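Here the sequence shown is numbered in the UniProt record's numbering, starting from 1 and rising by one per residue.
Note that CB positions come from ideal geometry on N, CA and C, so glycine has one too.
All values derive from a computational prediction rather than experimental measurement.
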Amino acid sequence: MSNPGAPDTVTESAELVLPLLPPQDLAAAASACRALRAAVTAVTARRAGDAARGLEPLPIPFRNYVDSKPYAYFLYTPFSLTRLAPGASAPSAQPWGAAWTRPPRPTWPRPNLDGLPSAVYGCACAAAECGGTQCACADVEADAAGSGLEAGMGSLTECGDVCACAPSCGNRRTQRGVAVRLCVVRHLHKGWGLHAAEALSCGQFVCEYAGEFLTTEEARRRHKVYDELASGGKLCPALIVIREHLPSGKACLRVNIDATRVGNVARFINHSCDGGNLHPVLVRSSGLLLPRLCFFAARDIVEGEELTFSYGDARVRPKGLPCFCGSSGCSGVLPSEET
Ligand SMILES: C[S@@+](CC[C@H](N)C(=O)[O-])C[C@H]1O[C@@H](n2cnc3c(N)ncnc32)[C@H](O)[C@@H]1O
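Put into structure tokens, the structure is as follows:
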């Protein structure tokens with residue numbers, strides 16, 4: 001007996017469930033019946049259309065002219081996540097590719113500010129004056145991200161959650177998400193890479209490197225696991241270690257951000273031995289203990305150009321991966337971190 005309502009029920013249920021599935025499960029669902037295959041094709045196309053799944057101000061599409069991979073699968077967070085509450089586990093799924101529109105704001109929790117010493121104050125200036133000489137959040141010693149574009153890590157101070165000013169304040173230029181047009185392009189030897197989809201001016205904010213903030217112990221543990229998987233070609237790790245140095249040269253702060261499983265589009269930025277065209281800047285904001293790693297254009301960048309930075313000095317390890325940055329000074333080996 002025919003059931004005229006059945007196909008719609010399948011399609012409606014598929015719309016709810018399929019966006020939660022990772023690619024392998026999505027492929028399995030596609031082989032179940034024709035209605036599901038059509039629904040999977042639609043979810044795949046929507047995923048390929050926006051790596052940021054609507055969580056950034058502009059969509060960031062995948063472009064692949066090299067093989068048949070339509071997109072890279074990971075969980076998206078527009079800003080870094082600190083350790084979850086005891087007993088809580090990291091999210092294992094996030095809807096991606098649904099036809100229904102998502103809520104306009106990110107649903108991830110902001111980093112937890114509990115336990116901050118009460119002496120950590122923000123500013124109380126009128127929004128228009130933020131960042132000026134009277135603003136408690138302005139750090140006259142720090143590099144201005146647009147002008148301090150010498151090699152190495154810059155620093156910048158912004159207003160934060162404990163300030164009186166509104167999110168639209170002029171001293172929060174890295175806190176409004178990815179507002180420039182970008183796309184994620186597949187390369188023959190480097191996997192995916194982040195590209196400018198419009199011309200960018202020197203000093204323009206591009207994106208934050210968002211992921212999970214890790215303890216050094218956890219970063220070392222994951223590094224070992226990722227090295228094994230990466231040397232077998234099974235994973236492109238995106239765990240970054242940032243060290244801030246005292247004038248003496250001694251490292252004084254180590255920040256570990258892992259964007260491998262949960263991250264934002266910065267996880268697609270490839271290495272270039274010539275330093276690349278992005279300037280990494282550590283951004284501190286009032287009320288946040290950990291600095292955020294943000295990228296600014298280190299020079300004018302033309303539409304279509306790949307965005308790169310230097311992962312560090314090439315310290316060759318037995319399992320060092322080959323570098324395909326193509327720069328004239330390429331060392332031939334991807335820098336790898338001895339953690
Ligand atoms: C942070 S991810 C960058 C995005 C990555 N290409 C992807 O497909 O997800 C770092 C990984 O990208 C690859 N990669 C980055 N820069 C590269 C380069 N210059 N040459 C070869 N592979 C590179 C390596 O596999 C590295 O472990």
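Between residue 57 and the set 278, 160 and 206, the nearest pair of CA atoms involves 206. In this structure, residue 324 has its CB closer than 8 Å to one or more heavy atoms of ligand 1. In the DSSP assignment, the residues bridged to residue 257 are 213 and 240. At least one heavy atom of ligand 1 is found less than 8 Å from the C-beta of residue 321. Looking from the CA of residue 173, the closest CA among 259, 204 and 97 belongs to 204. In this structure, residue 239 places its C-beta atom within 9 Å of the C-beta atom of residue 222. Judged by DSSP in its simplified three-state form, residue 280 adopts strand. Exclusion of residue 242 from the 8 Å shell around ligand 1 follows from its C-beta lying no nearer than that to any non-hydrogen atom of the ligand.
In the DSSP annotation of this structure, the continuous segment of the alpha helix (DSSP H) that includes residue 44 starts and ends at 34-49.
Each of 335, 168 and 267 was checked against the Cα of residue 131, and the nearest Cα belongs to 168.
In the structure shown, residue 285 adopts extended strand secondary structure according to DSSP, grouped into three states. When 175, 15, 188 and 237 are compared, the shortest CA-CA separation from residue 65 is found for 188. According to the DSSP assignment, residue 156 belongs to the beta strand (DSSP E) that extends over 154-158.
Where residue 194 is concerned, the enclosing beta strand (DSSP E) starts and stops at 191-196. Residue 26: member of the alpha helix (DSSP H) spanning 23-30, first to last residue. Annotation: residue 307 is outside any beta strand (DSSP E) and is labelled neither H nor E by DSSP.
With at least 16 other beta carbons inside 10 angstroms of its own, residue 262 counts as buried.
Here the distance from the Cβ of residue 334 to the nearest heavy atom of ligand 1 is below 8 Å. Residue state for residue 322 is assigned as strand, using DSSP reduced to three classes.
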